[in-house]
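Accompanying notes for the structure given below.
Put into structure tokens, the structure is as follows:
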């Protein structure tokens with residue numbers, strides 16, 4: 090683990106988890122993993138988070154979801170569809 094990751098983990102511990110009701114706006118794969126991009130709280134903002142392969146395949150673009158994530162580490166903790 091590099092120093093950058095350690096600093097982000099400390100920030101996440103201090104700030105806690107973030108929860109957001111959002112819309113999935115993009116899906117992409119890289120050599121480092123699968124990512125989902127969600128609309129942020131402010132107009133024009135985006136949040137790109139690392140997800141598991143199961144989460145990546147289960148959710149489609151333009152789907153409304155509730156997510157819980159670590160803001161500084163950019164990792165998704167939970168995701169649930171909104172009917």
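Residue numbers (the numbering used here): 90 to 172. C-beta atoms are modelled at their ideal positions from N, C-alpha and C, and glycine is treated no differently.
Note down, in chain order, each residue of its chain lying with its Cβ closer than 6 Å to the Cβ of residue i, except the 5 sequence neighbours on either side.
i           : result
residue 135 : 126, 129
residue 157 : 106, 108, 166, 167
residue 148 : 113
residue 145 : 123
Along the chain, where does the beta strand (DSSP E) that runs through residue i open and close?
i           : result
residue 158 : 153-159
residue 162 : Per DSSP, residue 162 belongs to no beta strand (DSSP E) and is neither H nor E.
residue 150 : Neither: residue 150 is in no beta strand (DSSP E) and is coded neither H nor E.
residue 105 : Segment: none, residue 105 is in no beta strand (DSSP E) and carries neither H nor E.
residue 123 : 122-128
Under DSSP, the alpha helix (DSSP H) around residue i begins and ends at which residues?
i           : result
residue 145 : 142-147
One question on the structure: do residue i and residue j come within less than 9 Å of each other, judged by their Cβ atoms?
i           : j           : result
residue 139 : residue 123 : yes
residue 172 : residue 97  : no
With a threshold of 8 Å on Cβ separation, who are the neighbours of residue i within its own chain once the five nearest residues in sequence on each side are excluded?
i           : result
residue 131 : none
residue 104 : 160, 161
For residue i, collect the residues of the same chain with a Cβ closer than 7 Å to its Cβ; drop the 5 residues on either side in sequence, then sort them by chain order.
i           : result
residue 142 : 123
residue 111 : 127, 128, 154, 156
Whole angstroms is fine: what's the gap from residue i's alpha carbon to residue j's?
i           : j           : result
residue 160 : residue 95  : 14 Å
residue 118 : residue 150 : 14 Å
residue 169 : residue 120 : 26 Å
residue 152 : residue 137 : 15 Å
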